[in-house]
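Going by my numbering, the sequence shown opens with residue 22, and the numbers climb by one from there. Think of the CB as a built atom: it goes at the ideal place given N, C-alpha and C, for glycine as much as any other residue. The structure displayed is predicted, hence computed values, not measured ones. These notes concern the structure reproduced below.
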Amino acid sequence: MSRKAFAASDAEWCYHDGELVRLGDVRLSPATHALNYGTGVFEGIRAYWNEKRGTLQVLKMREHYERFEKSCRMLHVDLSNTIDELCDVTLEILRRNAPREDTYIRPLAYKAVESVGVNLRGGSQLSIFTVPMGNYVELTGLKVCVSSWRRTPDTAIPARGKLTGSYINTALAVDEAQRAGYDDAIFLTQDGHVSEASAANIFLVRKGQLITPPVTADILEGITRDAVMELADNELGMPVAQRNVDRTELYAADEVFLSGTGFQIAPVTSVDGRPVGTGSIGPVAERLQELYFRAARGEWEKYAGWTVPVEVAQKTAG
Ligand SMILES: Cc1ncc(COP(=O)(O)O)c(C=O)c1O
Numbered sequence: 022m023s024r025k026a027f028a029a030s031d032a033e034w035c036y037h038d039g040e041l042v043r044l045g046d047v048r049l050s051p052a053t054h055a056l057n058y059g060t061g062v063f064e065g066i067r068a069y070w071n072e073k074r075g076t077l078q079v080l081k082m083r084e085h086y087e088r089f090e091k092s093c094r095m096l097h098v099d100l101s102n103t104i105d106e107l108c109d110v111t112l113e114i115l116r117r118n119a120p121r122e123d124t125y126i127r128p129l130a131y132k133a134v135e136s137v138g139v140n141l142r143g144g145s146q147l148s149i150f151t152v153p154m155g156n157y158v159e160l161t162g163l164k165v166c167v168s169s170w171r172r173t174p175d176t177a178i179p180a181r182g183k184l185t186g187s188y189i190n191t192a193l194a195v196d197e198a199q200r201a202g203y204d205d206a207i208f209l210t211q212d213g214h215v216s217e218a219s220a221a222n223i224f225l226v227r228k229g230q231l232i233t234p235p236v237t238a239d240i241l242e243g244i245t246r247d248a249v250m251e252l253a254d255n256e257l258g259m260p261v262a263q264r265n266v267d268r269t270e271l272y273a274a275d276e277v278f279l280s281g282t283g284f285q286i287a288p289v290t291s292v293d294g295r296p297v298g299t300g301s302i303g304p305v306a307e308r309l310q311e312l313y314f315r316a317a318r319g320e321w322e323k324y325a326g327w328t329v330p331v332e333v334a335q336k337t338a339g
């Protein structure tokens, strides 16, 4: 099994309904709208532990909250906090929890009315919690399949928004893939083009060119996807072509890799039982992985703007 689950501790501080409280003290009614109808919006942000500096480096925090705001707009979820406030609260939670390890931050805004009836009219609530998170998937070569489940089209449930309910599509595909012995699944769009992986965007290298499906291929417009494109262009001199990708291009590719906050840069070594390229990690993915981690951990001055440092106090015994 190459995907790990990470649990949040009840003792950790979280932000809930306007204040900082212990995660274990939060109570939600089973009548909560979002629990019944999937009417929530979320984000996943990583903070990388920088041992040398004694800081957590929060990666692309503002970009995540900007996307969060757009997803909220889609579901008529009214955020009462500005992006600056959301960033400040996030830093405060990290200071309080003071994890000295890689950590995942989960902002969640959801329809909180306790009534039966499907619509988007009710009021909403915001929670933000943190979970320690190492590698979500193995970074040494994933074996993936093309899912029999198609990606939800923009005309039904927009993949552009990070909406809780739409992750049923993800769960069905991951479950199917893992039961068949694969690590992850690749979705096709309704018209049969490659969309993305379960919770990551996809890149291919073909004939020296880096390619990724366009934002109109029912993908979440990944923040790591943008980071990869920036690094590939700046550091490898490989501008990325955003174009429709056929399923069998995955079989013909020299390299395939996935990008995401959880997945990080995860090379794919086989698709539908067919080795990708030589069947081992390719040079482009390997190089991008190295560059990405350097920038994400705040170890590269040139990309200092990608991360916000948080001083983490050493916990005293007792
Ligand atoms: C469906 C989906 N696609 C792509 C991504 C990658 O997005 P990002 O790089 O912003 O984490 C994610 C992860 O959040 C996702 O859930």
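For residue 206, the CB stays at least 6 Å from every heavy atom of ligand 1. Straight across, the Cα-Cα distance linking residue 144 with residue 90 is about 16 Å.
Take residue 112, set aside five residues on each side of it, and the residues of its chain with a beta-carbon closer than 6 Å to its own are 331, in chain order. Residue 244 counts as buried, since at least 16 other C-beta atoms from the protein chains shown sit within 10 angstroms of its C-beta. For residue 221, the Cβ falls inside the 6 Å cut-off from some heavy atom of ligand 1.
Assignment of beta-bridge partners to residue 215 by DSSP yields 209.
Here the alpha carbons of residue 76 and residue 268 stand approximately 42 Å from one another. DSSP places residue 88 in the helix class (H, G or I) of the three-state scheme. Of the other Cβ atoms in all chains shown, fewer than 16 fall within 10 Å of the Cβ of residue 189; this residue is therefore exposed. Each residue's CA atom was taken as its position, placing residue 45 and residue 265 some 46 Å apart. Distance from the Cα of residue 263 is smallest, within the candidate group 296, 224, 255 and 300, for 224.
Measuring C-alpha to C-alpha distances from residue 139 to each of 24, 49, 310 and 58 identifies 58 as the nearest.
The DSSP-derived three-state label of residue 224 is strand.
Collapsing the DSSP output to three states places residue 180 in coil. The C-beta distance from residue 318 to residue 204 rounds to 25 Å, too long to meet the 8 Å contact threshold.
For residue 310, DSSP records no beta bridge to any residue. Short of 7 Å from the beta carbon of residue 121, and not among the five residues preceding or following it, lie these beta carbons of its own chain, in chain order: 70 and 333. The closest heavy atom of ligand 1 lies less than 6 Å from the beta carbon of residue 245. Around the beta carbon of residue 132, a 10 Å sphere encloses 16 or more other beta carbons of the protein chains shown; the residue is thus reported as buried. DSSP assignment within the stretch 67 to 132 yields the following whole beta strand (DSSP E) runs of 3 residues or more, N-terminal first: 76 to 80 and 124 to 132. The DSSP assignment places 244 to 257 and 268 to 273 as complete runs of the alpha helix (DSSP H) inside the stretch 228 to 301, in order along the chain (cut-off: 4 residues). The distance from the Cβ of residue 163 to that of residue 287 is about 6 Å, consistent with a contact at the 8 Å cut-off. Per DSSP, the continuous beta strand (DSSP E) segment holding residue 43 begins and ends at 40 to 43. Ranked by how close their Cα comes to the Cα of residue 63, the residues 173, 325 and 88 have 88 in first place. Following the DSSP letters along the chain, one finds residue 188 inside the alpha helix (DSSP H) bounded by residues 188 to 200. The three-state secondary structure of residue 332, taken from DSSP, is strand. For residue 56, the enclosing alpha helix (DSSP H) stretches over residues 54 to 58. Taking the Cα of residue 65 as reference, the smallest distance to any Cα among 43, 128, 73 and 123 is reached at 128.
Annotation for residue 281 indicates a beta carbon within 6 Å of some heavy atom of ligand 1. If the five residues before and after residue 152 are omitted, its C-beta is found closer than 6 Å to the C-beta atoms of 27, 29 and 125, all from its own chain and listed in chain order.
Contact between the stretch 235 to 253 and the stretch 272 to 280 is present: three or more C-beta pairs spanning the two stretches fall below 8 Å. Distance between residue 155 and residue 123, taken at the CA atoms: about 6 Å. Within the same chain, 141 come within 7 Å of residue 97 by CB-CB distance, once the 5 residues on both sides are set aside. Distance from the C-beta of residue 241 to the nearest heavy atom of ligand 1 is below 6 Å.
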